[in-house]
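*Asks:* When we follow the numbering used here, the leftmost residue of the sequence shown carries the number 105, and every step to the right adds one.
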Amino acid sequence: MTKRTSSTPEAGFATLGLDPRLLSALTALGYEEPTPIQLAAIPPMREGRDVLAQAATGTGKTAAFALPLLHNIDPTLPPKVRLRALVLVPTRELAMQVAEAIHRYGKVFGASALPVYGGASMEQQIRSLKRGVDVVIATPGRALDHIRRKTLFLSSVQVVVLDEADEMLDMGFADDIETILGELPAEHQTALFSATLPAKITKIANSHLKNPAVVKIERPSVLAGETAKVRQVAYVVPRAHKMAALARILDVEAPESAIVFCRTRTEVDQLTETLMARGYRAEALHGGLSQDQRDRVMKRFRAKGSDLLIATDVAARGLDVKHVTHVVNYDVPWESESYVHRIGRTGRMGREGVAITLAEPREHRLLRNIEAATKQKIDIGTVPTAADLRTRQLEQLRDQVARLLAEDELDRYRPIVEQLAEEHDVMDIAAAALRMAARKDEGEAEPMDIPSVTPRGGDRDGFAPRPARQSRREFAGKVGGAVAKIYVGAGRKLKIRPGDIVGAIAGEANIPISQIGAVQIGDRHSIVEVPEDKANFIIAKLSASTIKGKKVRVRRDQS
Ligand code: AMP
Numbered sequence: 105m106t107k108r109t110s111s112t113p114e115a116g117f118a119t120l121g122l123d124p125r126l127l128s129a130l131t132a133l134g135y136e137e138p139t140p141i142q143l144a145a146i147p148p149m150r151e152g153r154d155v156l157a158q159a160a161t162g163t164g165k166t167a168a169f170a171l172p173l174l175h176n177i178d179p180t181l182p183p184k185v186r187l188r189a190l191v192l193v194p195t196r197e198l199a200m201q202v203a204e205a206i207h208r209y210g211k212v213f214g215a216s217a218l219p220v221y222g223g224a225s226m227e228q229q230i231r232s233l234k235r236g237v238d239v240v241i242a243t244p245g246r247a248l249d250h251i252r253r254k255t256l257f258l259s260s261v262q263v264v265v266l267d268e269a270d271e272m273l274d275m276g277f278a279d280d281i282e283t284i285l286g287e288l289p290a291e292h293q294t295a296l297f298s299a300t301l302p303a304k305i306t307k308i309a310n311s312h313l314k315n316p317a318v319v320k321i322e323r324p325s326v327l328a329g330e331t332a333k334v335r336q337v338a339y340v341v342p343r344a345h346k347m348a349a350l351a352r353i354l355d356v357e358a359p360e361s362a363i364v365f366c367r368t369r370t371e372v373d374q375l376t377e378t379l380m381a382r383g384y385r386a387e388a389l390h391g392g393l394s395q396d397q398r399d400r401v402m403k404r405f406r407a408k409g410s411d412l413l414i415a416t417d418v419a420a421r422g423l424d425v426k427h428v429t430h431v432v433n434y435d436v437p438w439e440s441e442s443y444v445h446r447i448g449r450t451g452r453m454g455r456e457g458v459a460i461t462l463a464e465p466r467e468h469r470l471l472r473n474i475e476a477a478t479k480q481k482i483d484i485g486t487v488p489t490a491a492d493l494r495t496r497q498l499e500q501l502r503d504q505v506a507r508l509l510a511e512d513e514l515d516r517y518r519p520i521v522e523q524l525a526e527e528h529d530v531m532d533i534a535a536a537a538l539r540m541a542a543r544k545d546e547g548e549a550e551p552m553d554i555p556s557v558t559p560r561g562g563d564r565d566g567f568a569p570r571p572a573r574q575s576r577r578e579f580a581g582k583v584g585g586a587v588a589k590i591y592v593g594a595g596r597k598l599k600i601r602p603g604d605i606v607g608a609i610a611g612e613a614n615i616p617i618s619q620i621g622a623v624q625i626g627d628r629h630s631i632v633e634v635p636e637d638k639a640n641f642i643i644a645k646l647s648a649s650t651i652k653g654k655k656v657r658v659r660r661d662q663s
């Protein structure tokens with residue numbers, strides 16, 4: 105547990121003995137401080153000790169093992185002896201995620217991480233293994249397959265990580281894991297990460313870990329009472345839809361004053377821009393700002409000069425605001441204590457506050473941990489539907505009209521109504537005027553539904569990932585109309601992924617994902633296929649908003 109008071113962003117990471125280049129990589133990613141599992145697991149990992157860590161997905165566990173193992177790699181070694189670390193994971197999705205994380209953190213070292221899982225081309229994996237990699241992230245079955253074919257050699261491996269070990273055992277990989285561990289050189293470091301520590305995990309730990317550092321983060325503290333006055337609700341939303349979902353939730357909740365907590369500076373900046381673009385008075389607060397800037401932002405928020413404060417934990421530490429009606433966790437906090445601390449900022453002085461948490465489908469366990477620690481249930485909400493939003497918008501319109509009626513400054517308009525009333529029913533005239541007002545407010549877009557997922561324990565991703573590409577014919581066939589290609593002036597260089605483009609279109613233009621076709625990501629631009637009849641509308645919406653926090657050029661693709 106960190107109880108630092110320093111607000112120097114990287115100070116926490118700097119105490120963990122990590123290479124300075126890694127520290128810069130973390131700063132660039134917008135990380136402000138290590139998570140509890142990182143604080144506890146990185147030092148023993150750096151010392152080369154075996155580690156037994158209890159940590160669920162969403163606690164930052166990937167970086168907890170990925171950062172230290174990057175110290176062991178040496179990309180200049182010949183391919184046959186280059187492999188330094190093997191990470192075993194239960195699923196293909198996790199293999200890809202971990203590989204991506206290692207790539208992100210280890211770019212500065214020229215680290216190469218290869219995900220190896222079943223169902224993908226064996227030949228391609230063999231070719232990559234032959235060229236030489238620093239870290240292999242594999243599902244046990246496929247790893248064993250390669251070992252038997254002699255296309256994967258473990259003789260140079262120094263670190264082995266068993267990630268989500270309990271899941272691997274549940275999936276029946278126990279024997280495969282034993283066989284793989286038996287192939288490792290006698291001298292190696294082993295780290296076992298698991299969300300739970302049932303007997304079968306302890307058994308593996310006892311036979312394979314030597315004098316391990318044991319790291320457990322979640323303390324079974326009873327924190328009930330402190331959160332009693334707060335209505336707690338969580339929405340389970342796939343990552344690509346989080347921004348759109350939060351915007352929708354806020355539109356319906358209409359908070360008077362809210363703090364939105366994010367994990368990284370980057371997230372804070374992106375979210376602030378998105379919400380400002382939707383007309384909220386939102387301000388960013390993070391460790392990248394000077395103390396002066398931070399003071400000013402907090403002062404404005406306290407004086408109700410802004411409605412939404414988008415903040416990282418570090419920057420919001422010590423912030424005590426009496427009038428906060430809503431606390432939003434844009435990501436599930438790393439630990440229950442932090443959750444309780446955050447939501448304690450609302451529901452003051454006998455008033456009911458609201459705590460809203462957005463969780464990705466795979467983070468369901470973190471929600472359960474919080475429920476267990478607070479002994480309170482968190483309701484799972486459904487993201488307001490398009491119909492809910494329309495109802496809410498109509499209610500707001502009704503209230504606005506009621507206010508105008510009360511002000512009674514309508515003389516300028518009465519003659520028009522009289523004129524129209526000669527030919528039309530007064531009721532119809534009023535309805536038409538309302539329609540005009542609504543249109544002006546909301547544009548012509550009909551809001552579409554954002555997929556909401558209920559967390560399920562067994563299904564790791566909770567929702568079926570959309571295939572990365574659809575062929576043009578399939579897509580046109582599905583949409584049943586002409587297809588247009590849109591050029592978006594952002595690509596790999598800005599770390600754009602297909603999900604960002606799809607998310608932006610779905611969120612900003614309210615186009616259902618099923619109507620969005622193939623996305624091709626280039627270095628500096630991307631091309632996405634959309635229904636021809638929606639193309640101009642999408643271009644207008646995307647041009648007026650941001651992708652990953654950046655304004656980008658959007659037009660029809662001429663190629
Ligand atoms: P994991 O539990 O490894 O799946 O990580 C959950 C998420 O937290 C990932 O999106 C990471 O990029 C992010 N993350 C990990 N460590 C930190 C940190 N120290 N600060 C901010 N974000 C982090």
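Backbone N, C-alpha and C define an ideal beta-carbon position, used for all residues, glycine too.
(1) Here's a check: name, in chain order, each residue in its chain whose Cβ is nearer than 8 Å to the Cβ of aspartate 637, leaving out the five neighbours to either side.
(2) Just to confirm, does arginine 367 get its C-beta within under 7 Å of one of the non-hydrogen atoms of the ligand AMP?
(3) Kindly indicate which three-state DSSP category leucine 538 falls into: helix, strand or coil?
(4) For tyrosine 443, does the count of other Cβ atoms within 10 angstroms reach 16, so buried, or fall short, so exposed?
(5) Is lysine 234 near the ligand COA - that is, is its Cβ less than 7 Å away from at least one heavy atom of it?
(6) Would you give the residue range spanned by the alpha helix (DSSP H) that lysine 645 belongs to?
(7) Which residues bound the beta strand (DSSP E) around glutamate 291?
(8) Go through its chain and collect everything with a Cβ distance to glutamine 374's Cβ below 8 Å, but skip five positions before and after it.
(9) Could you check how far apart the C-beta atoms of threonine 416 and arginine 446 are, in whole angstroms? I think they sit under 8 Å.
(10) Terminal residues of the continuous alpha helix (DSSP H) containing phenylalanine 365?
(11) Could you pull out every unbroken alpha helix (DSSP H) segment of at least 4 residues lying fully inside the segment 390 to 454, listed in chain order?
(12) Please determine, among Pro172, Gly422 and Thr378, the residue with the shortest C-alpha to C-alpha distance to arginine 398.
(13) Give the DSSP bridge partners of leucine 266, in chain order.
(14) Below 8 Å, can you find three or more Cβ-Cβ pairs linking the segment 193 to 201 to the segment 229 to 248?
(15) In this structure, what does DSSP give as the bridge partners for lysine 630?
(16) I need the DSSP call for aspartate 123, collapsed to helix, strand or coil.
(17) In the DSSP assignment, what are the bridge partners of tyrosine 339?
(18) Mind checking glutamate 522: buried by the 16 CB within 10 Å criterion, or exposed?
(19) Going by the beta-carbon positions, is the gap between glycine 593 and arginine 657 smaller than 8 Å?
(20) Just grab the DSSP bridge partners of leucine 156 for me.
(21) Going by DSSP, name the residue or residues bridged to lysine 599.
(22) With distances taken from CA atoms, which of Glu282, Glu612, Lys645 and Lys655 is nearest asparagine 629?
(23) Can you say whether methionine 402 is buried or exposed, counting buried as having 16 or more other CB atoms within 10 angstroms of its CB?
(24) If we count Cβ pairs, one from each stretch, closer than 8 Å, do we get three or more for the segment 333 to 344 versus the segment 457 to 466?
(25) Can you tell me where the alpha helix (DSSP H) with proline 147 in it begins and where it stops?
(26) Count the other CB atoms within 10 Å of the CB of methionine 272; is the residue buried (16 or more) or exposed (fewer)?
(27) Which same chain residues, not among the five before or five after leucine 288, have their C-beta less than 7 Å away from its C-beta?
(28) List the endpoints of the continuous alpha helix (DSSP H) containing leucine 470.
(29) For a test of the three-state rule: what should DSSP assign to isoleucine 284, helix, strand or coil?
(30) Measure the alpha-carbon distance for glycine 392 versus glycine 286 and round it to whole angstroms.
(31) Compare the C-alpha of leucine 598 against each of Gln142, Glu137, Gly121 and Arg208 and name the closest.
(32) Run the proximity test for threonine 195: is its beta-carbon closer than 7 Å to any non-hydrogen atom belonging to the ligand AMP?
(33) Counting pairs of Cβ atoms below 8 Å between the segment 225 to 232 and the segment 160 to 175, do you hit three or more?
(34) Please confirm whether aspartate 661 and isoleucine 590 have their CB atoms less than 8 Å apart.
(35) For the alpha helix (DSSP H) containing proline 519, list its first residue and its last residue.
(36) I'd like to check one pair, histidine 250 with leucine 233: are the Cβ atoms closer than 8 Å?
*Replies:* On the basis of the supplied data:
(1) Hits under 8 Å: Gly585 and Ala586.
(2) Yes, the ligand AMP has a heavy atom inside 7 Å of this Cβ.
(3) Reduced to three states, the DSSP call for leucine 538 is helix.
(4) With 16 or more other Cβ atoms within 10 Å, it is buried.
(5) This structure lacks the ligand COA; its bound ligands are the ligand AMP.
(6) DSSP places lysine 645 inside the alpha helix (DSSP H), whose first and last residues are 636 to 647.
(7) Per DSSP, glutamate 291 belongs to no beta strand (DSSP E) and is neither H nor E.
(8) Closer than 8 Å at Cβ, skipping near neighbours: Met347, Thr650, Lys652 and Gly653.
(9) For threonine 416 against arginine 446, the beta-carbon gap comes to about 11 Å, at or over 8 Å, which does not count as contact.
(10) Annotation: phenylalanine 365 is outside any alpha helix (DSSP H); the continuous beta strand (DSSP E) that includes it extends over 362 to 366.
(11) If we require 4 residues or more, the alpha helix (DSSP H) runs fully inside the segment 390 to 454 come out as 395 to 406, 417 to 420 and 440 to 447.
(12) Of the candidates Pro172, Gly422 and Thr378, Gly422 places its Cα closest to the Cα of arginine 398.
(13) Under the DSSP definition of a beta bridge, leucine 266 partners with Leu192 and Leu296.
(14) Segments in contact, yes.
(15) The question names lysine, but residue 630 is serine in the sequence shown. Val592 and Ile625, per the DSSP bridge assignment.
(16) Note: aspartate 123 maps to coil in three-state DSSP.
(17) Looking at the DSSP assignment, tyrosine 339 forms a beta bridge with Leu462 and Gly485.
(18) Exposed, because fewer than 16 other Cβ atoms sit within 10 Å of the Cβ of glutamate 522.
(19) Yes, the pair counts as a contact, with Cβ atoms nearer than the cut-off.
(20) Leucine 156 is bridged by DSSP to Leu296 and Val318.
(21) Lysine 599 pairs with nothing; no bridge assigned.
(22) Here the sequence assigns histidine to residue 629, which means asparagine is not the residue at that position. The shortest C-alpha to C-alpha distance from histidine 629 to any of Glu282, Glu612, Lys645 and Lys655 is the one to Lys655.
(23) So methionine 402 counts as buried.
(24) For the pair of segments examined, the segment 333 to 344 was found to touch the segment 457 to 466: the number of CB pairs separated by less than 8 Å reaches three.
(25) Where proline 147 is concerned, the enclosing alpha helix (DSSP H) stretches over 140 to 150.
(26) It counts as buried.
(27) Listed in chain order, the non-local C-beta contacts of leucine 288 below 7 Å within the same chain comprise Leu258, Val261 and Val264, local neighbours out to five positions each way being set aside.
(28) Where leucine 470 is concerned, the enclosing alpha helix (DSSP H) stretches over 468 to 478.
(29) Helix at isoleucine 284.
(30) Taking the straight line from one Cα to the other gives about 47 Å.
(31) Comparing Cα-Cα distances from leucine 598 to each of Gln142, Glu137, Gly121 and Arg208, the minimum goes to Arg208.
(32) In terms of side-chain proximity, the C-beta atom of threonine 195 is found no nearer than 7 Å to any non-hydrogen atom of the ligand AMP.
(33) The segment 225 to 232 is not in contact with the segment 160 to 175.
(34) Contact annotation: aspartate 661 and isoleucine 590 have beta-carbon atoms nearer than 8 Å.
(35) Looking at the DSSP string, the run of the alpha helix (DSSP H) that includes proline 519 is 518 to 525.
(36) Between leucine 233 and histidine 250, the CB-CB gap stays under 8 Å.
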